[in-house]
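Q:
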Amino acid sequence: MDRTNWQWGQSNINILVLSACYKGVAIPLYWTALNKKGNSDTRERIDLINQFILGFGKDKIAGLLGDREFIGEAWFSYLLEQAIPFDMRVKKNHVTTNSRGLDIDIDALFFHLKPGEFEALQGKRRLMGQPLYLSALRLDDGELLILASCHQADKAVERYALRWEIETLFACLKGRGFCFEATRMTDLKRIEKLVSVLALAFAWSHKVGDWRHTQKPIKIKKHGRLAISYFRYGLDWIRQALLAGQNRQEQLAQSISILLEALPNTLSLPSDELM
């Protein structure tokens, strides 16, 4: 879960997104345009989670990840009551408890860590009124990455690293692909509908890129990463097919076929929309 925001004129465009991690990127599932600037609140987050549960079921949530915005006593209480596993980054100035149950600044528990070192505390500590597992990694720049988890935190950093995939999603929706920020829309309902179109286009591009990789593998760079993302690989293929017109009808047909195969079998349109 994360937000993306920018300003157009006097209007603040602020979108809260719930997505699923998949092959190095996050696929947008539910979102809401916030009628304000700044952080989301607990109610707005819970609304998105409840939409997911209604659509997919709670058992499909492997874990929820969020940065330092997504904290709070009521928020943590909701996640614990719903038995939703999570790993959330917390600010270093929060107060928690030490092994004797006494109040202490959370960063003091990890002051001894050197860059690259990680520690998961044994047992739960009190944080924002909730019993949580705490862990931390000292980053190369000296900053502490402190995580609060509802379960054992030995692998918390590895899980939290997946959160970067939603940042990759936002980059694809903006400068690396669809130039979302270039829209002049400020009406919240229209923005949400536009996100729906972009989400479908993004998933289509990623799916086509994934398929193309099986046909013509993407080159691997020296650092072990793909030279181009599945999203970009697919987007370029679809764009070529659309711009070439009749010269690449087969390529366009293949792209559309991949999209249709990925749609759920339960998806149907009203008969009047098929005419």
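Under the numbering used here, the first residue of the sequence shown carries the number 1469, and numbering increases by one thereafter. Backbone N, C-alpha and C fix where the C-beta goes; we use that ideal spot for every residue, glycine too.
If F1670 and P1496 are in contact, beta carbons under 8 Å, what's the gap, nearest whole angstrom?
A: Right, their Cβ atoms sit about 7 Å apart.
Q: Which term fits R1631, buried or exposed, when burial requires 16 or more other beta carbons within 10 angstroms of its beta carbon?
A: By the neighbour-count rule (16 or more Cβ atoms within 10 Å), R1631 is buried.
Q: Taking C-alpha atoms, which residue in L1613, K1690 and R1513 lies nearest to G1584?
A: Of the listed residues, the one whose Cα sits closest to G1584 is L1613.
Q: Report yes if the C-beta distance between L1589 and L1577 is below 8 Å; otherwise report no.
A: Going by C-beta atoms, L1589 is nearer than 8 Å to L1577.
Q: For G1713 versus F1699, is the C-beta distance shorter than 8 Å?
A: It is not a contact, given that the beta carbons lie outside the stated cut-off.
Q: Spatial neighbours of L1570 within its chain, please: C-beta separation below 8 Å, excluding the five flanking residues on both sides.
A: Nothing listed; no residue qualifies.
Q: In angstroms with no decimal places, state the Cα-to-Cα distance between T1564 and V1625.
A: Approximately 19 Å between the Cα atoms of the pair.
Q: Spell out the partners DSSP gives W1474 in its beta bridges.
A: W1474 pairs with I1481.
Q: In the structure shown, what three-state DSSP assignment does I1517 receive?
A: Reduced to three states, the DSSP call for I1517 is helix.
Q: Per DSSP, what kind of secondary structure is G1534 in: helix, strand or coil?
A: Strand.
Q: Using the beta-carbon count (16 or more within 10 Å), is K1638 buried or exposed?
A: For the sequence presented, residue 1638 should be read as Phe rather than Lys. F1638 is buried by the Cβ-count criterion.
Q: Examine the Cβ distances between the segment 1682-1698 and the segment 1648-1660 and report whether three or more of them are shorter than 8 Å.
A: Segments in contact, no.
Q: May I ask you to report which of helix, strand or coil DSSP gives Q1590?
A: Three-state result, Q1590: coil.
Q: Give me the Cβ distance between R1680 and G1645, rounded to the nearest whole Å; I'm assuming they're in contact under 8 Å.
A: 16 Å between Cβ atoms; not a contact.
Q: Using 10 angstroms around the beta-carbon of D1573, count the other beta-carbons present and answer buried if the total reaches 16, otherwise exposed.
A: Per the 10 Å Cβ criterion, exposed.
Q: From L1666 to S1545, what distance separates their C-alpha atoms?
A: If I take the Cα positions, the gap works out to 33 Å.
Q: Quick check on this structure: which residue in R1536, N1518 and E1512 has the alpha carbon closest to the alpha carbon of I1529?
A: Nearest option by C-alpha distance: N1518.
Q: Tell me which same chain residues have a C-beta within less than 6 Å of the C-beta of I1696, skipping the five on either side of it?
A: Only I1686 meet the Cβ criterion.
Q: Extract the residue ranges of the alpha helix (DSSP H) inside the segment 1595-1649, only unbroken runs of 4 or more that lie entirely within it.
A: List check, alpha helix (DSSP H) in window: 1624-1628 and 1632-1641.
Q: Taking the alpha-carbon positions, what's the H1619 to Y1601 distance?
A: Using only the alpha carbons, I get a separation of about 6 Å.
Q: Less than 8 Å between C-beta atoms, sequence neighbours within five positions excluded: which residues of the same chain meet that for Q1719?
A: Hits under 8 Å: W1705, Q1708, A1709 and A1712.
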